[in-house]
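The end of the sequence shown is residue 389 by our numbering, with every number in the run present. Structure, as C-alpha cells:
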Amino acid sequence: MPALAIVLIVVAVLLLAGAGLVAGSRSARRRGSARSLTARPGAVEAAPAESSFAPEVGEQAGAAGIAAAPAPPGAATLEAAPGAPALRERLGRARALIGGYLDGIRGRGVDDATLEQLEEALILADVGITTTTRVLDDLRSQVRSGEIERTPEALLAALRAGLEALFEGDSPDLRHGEGEGPTVWLFVGVNGVGKTTTIGKVAARERAAGERVVMAAGDTFRAAAGEQLETWAERASATIIRGSEGADPSSVIFDAVQHAAARGASLVLADTAGRLHTKVNLMEELRKVRRVAERPPGQLTEVLLVIDATTGQNGLVQARQFTEAVGVTGIVLTKLDGTAKGGVVLAIRSELGLPIKLVGVGESVEDLVEFDAKEFVDALFA
Ligand code: GDP
Numbered sequence: 008m009p010a011l012a013i014v015l016i017v018v019a020v021l022l023l024a025g026a027g028l029v030a031g032s033r034s035a036r037r038r039g040s041a042r043s044l045t046a047r048p049g050a051v052e053a054a055p056a057e058s059s060f061a062p063e064v065g066e067q068a069g070a071a072g073i074a075a076a077p078a079p080p081g082a083a084t085l086e087a088a089p090g091a092p093a094l095r096e097r098l099g100r101a102r103a104l105i106g107g108y109l110d111g112i113r114g115r116g117v118d119d120a121t122l123e124q125l126e127e128a129l130i131l132a133d134v135g136i137t138t139t140t141r142v143l144d145d146l147r148s149q150v151r152s153g154e155i156e157r158t159p160e161a162l163l164a165a166l167r168a169g170l171e172a173l174f175e176g177d178s179p180d181l182r183h184g185e186g187e188g189p190t191v192w193l194f195v196g197v198n199g200v201g202k203t204t205t206i207g208k209v210a211a212r213e214r215a216a217g218e219r220v221v222m223a224a225g226d227t228f229r230a231a232a233g234e235q236l237e238t239w240a241e242r243a244s245a246t247i248i249r250g251s252e253g254a255d256p257s258s259v260i261f262d263a264v265q266h267a268a269a270r271g272a273s274l275v276l277a278d279t280a281g282r283l284h285t286k287v288n289l290m291e292e293l294r295k296v297r298r299v300a301e302r303p304p305g306q307l308t309e310v311l312l313v314i315d316a317t318t319g320q321n322g323l324v325q326a327r328q329f330t331e332a333v334g335v336t337g338i339v340l341t342k343l344d345g346t347a348k349g350g351v352v353l354a355i356r357s358e359l360g361l362p363i364k365l366v367g368v369g370e371s372v373e374d375l376v377e378f379d380a381k382e383f384v385d386a387l388f389a
C-alpha cells in the first residue's frame, strides 16, 4: 500500500533525525560521553520543616527538611534537548546599535572624529569608560605609528582584534572536580538576574551530557524561587533538595551535597538568594554557603556570577562586589536577547579578569549559549 509505505518512511526518517539530534548534543561531544540520557527516578520534593541546622555540625544531613518523592510524571523525557544556537544569530539588538554606528564610519577617511565615533559606540554599548579608553588609546597609537592603515576597514579590523584579544585564553567550559565526591557549581547574583532560570538550563544541558544532577534550592528567602527551581528540575529530570522558607541556605547546600554523594550523583547546582535584608547579610550568607559547598565530599569548582545584560554598567559594580565577597570564577550574562548593552562583559573581563562562560538569550531551556569571543565581537560588528 503506497500511502502506508510513505507514512512508514516518514516515521523512520523522523526517528533517525531525532537520534542524530541527541547524539549530536554539543556537551556530550565535548566530553566524549556515551552515557545514557535516560532519566533516573527519585526527584526529591520539599517537605515542611523547621530548620535550625548549623552546617558546622556535619552529621545532620536531612535537617533542612527534605523528603523523597516519586519522580514526576514525564520525568523520563528531557523536554528539549538543548541545542547550541550561534550567539551571532541571537544578538539582534546589540548588532543594531553598534553595527549602526560602525556603518557611519565606513566609506570615509580616518580622523580624530572617526575615533571619537568608535569611542561613543563602545560606551553606548556599555563597554564602560575605562575599557573603552584603554582599547581606543591602543588603537590611536597604532594609527599614529602607522601600524594600521588610515582606512575605516583597517581601523575596524584592528578594533575587532583588540576586543577579541581581551578574552584571550578563556574557555567557556565549566570545570568538574577530579577527586571523589560531587562537583558543586554555585550560582550567585542579585535578585531577578536569571539565576534560577540559568540553573534550569544548565541542568538540562548537563543531564543531556550524562551528568547526574542534584539542584540545591538555596534561595530560601524567596518562596517562589524553590517552586520555580522545582519546575526546572522536573523538566531536566534532576533531583531537587529544598528547605523550608527562611531555612539556612547553607544547610540546604549541605544536604544537597550529602544527598548527591550518597546517591552517586556527579553534579550539584546550587541556587542562592540575591536579596536579603541588607547587602552585608547577603555577602555574609554567601561566604558561609561557599564554605559549606567547599567541604568534602563536595568539590566546589565554579562560583558563577549571573549578570543581567540589561543592567548595563551596574553589572561591573556587581561583579566587583561579589568577587570580593565570594571569589567568582566566571560570568553568566543573561537577557542578551533583549538589549544592546552586552558590552559590559568586555569591561568585566578587562577590569576584573573574569572569564565569560555562558550567555542567556531567552527564557527557554535551549536559550543558553557558550560564550565565544569571536562570535560575540563578530555580532557587535555585523
Ligand atoms: P533569579 O531571581 O536570579 O533567580 O532570576 P530568575 O531566574 O527568576 O529570572 C528572572 C526573570 O528573567 C524570569 O522572568 C526569567 O524568565 C527571565 N530570564 C532569565 N534569563 C533570561 C534570558 O536569558 N533572556 C530573557 N529574555 N529572560 C530571561
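Even for Gly, the Cβ is constructed at its ideal location relative to N, Cα and C. Computed from a prediction, not measured in an experiment: that's the story for all the values here.
For residue i, does the count of other Cβ atoms within 10 angstroms reach 16, so buried, or fall short, so exposed?
i              : result
lysine 202     : buried
isoleucine 363 : buried
serine 178     : exposed
leucine 148    : Residue identity differs from the one stated: residue 148 is serine in this sequence, not leucine. Classification for serine 148: exposed.
glutamate 218  : buried
valine 324     : exposed
arginine 242   : buried
aspartate 119  : exposed
serine 152     : exposed
glycine 225    : buried
arginine 297   : buried
threonine 204  : buried
alanine 263    : buried
alanine 231    : exposed
Is residue j closer than 8 Å to residue i when the C-beta atoms are compared?
i             : j             : result
leucine 274   : alanine 280   : no
glycine 233   : arginine 249  : yes
alanine 396   : leucine 293   : Nothing can be reported for residue 396, as the shown portion of the chain is limited to 8 through 389.
valine 195    : valine 310    : yes
valine 259    : threonine 227 : yes
threonine 139 : glutamate 126 : yes
valine 134    : glycine 322   : no
leucine 343   : valine 368    : yes
arginine 157  : valine 117    : yes
valine 191    : alanine 300   : yes
leucine 387   : leucine 173   : no
arginine 212  : leucine 340   : no
lysine 403    : alanine 132   : Past the boundaries of the shown model lies residue 403; the chain is included only from 8 to 389, so the question cannot be answered.
How is the beta strand (DSSP E) around residue i delimited, first residue to last?
i             : result
glutamate 309 : 306-315
threonine 190 : 190-195
leucine 365   : 363-367
Under three-state DSSP, which class holds residue i?
i                 : result
phenylalanine 329 : helix
arginine 249      : strand
glutamate 126     : helix
glutamate 377     : strand
threonine 279     : coil
leucine 274       : strand
leucine 343       : helix
alanine 215       : helix
threonine 227     : coil
glycine 1         : Any property of residue 1 remains undetermined from this structure, which presents the chain solely from 8 to 389.
glycine 65        : At glycine 65 the pLDDT is 27, less than 50, meaning the model places this residue with poor confidence; the figure from the coordinates comes in the next sentence. DSSP places glycine 65 in coil when its eight states are reduced to three.
isoleucine 136    : helix
isoleucine 155    : coil
glycine 116       : coil
valine 220        : strand
glycine 176       : coil
glycine 334       : coil
Just to confirm my understanding: we take residue i, look at its own chain, exclude 5 residues before and 5 after, and list those with CB closer than 7 Å. What are they?
i                 : result
glycine 188       : Ala268, Pro303, Pro304, Gly305 and Gln306
phenylalanine 378 : Pro179, Ile363, Lys364, Leu365 and Val366
isoleucine 206    : Phe194, Met222, Leu236, Trp239, Leu276 and Asp278
arginine 182      : Thr308 and Glu309
glycine 319       : Asp133, Lys348 and Val351
With a CB to CB cut of under 8 Å and the five nearest residues on each side skipped, what residues in its chain are close to residue i?
i             : result
lysine 381    : Glu171
glycine 169   : Val142, Asp145 and Leu146
glutamate 123 : none
alanine 326   : Leu312, Ile314, Val335, Ile338, Ile355, Leu359 and Leu361
arginine 282  : Val197, Asn198, Phe228, Arg229 and Leu289
threonine 121 : Ile112, Arg115, Pro159 and Leu162
Return the first residue and the last residue of the alpha helix (DSSP H) that residue i is part of.
i             : result
glutamate 234 : 230-243
alanine 267   : 256-270
leucine 162   : 159-172
lysine 286    : 286-301
alanine 394   : With the chain covering only 8 through 389, there is no way to say anything about residue 394.
aspartate 180 : Neither: aspartate 180 is in no alpha helix (DSSP H) and is coded neither H nor E.
Identify, in the order they occur along the chain, each residue of the same chain with its Cβ nearer than 6 Å to the Cβ of residue i, setting aside the five sequence neighbours on each side.
i             : result
proline 77    : Summary for proline 77: the model assigns pLDDT 31, below 50, so the residue's position carries little reliability, and this model does not support an answer.
lysine 295    : Ser257
leucine 129   : Thr139
glutamate 175 : none
alanine 161   : Ile155
glycine 184   : Thr190, Gln306 and Thr308
serine 357    : Thr138 and Leu173
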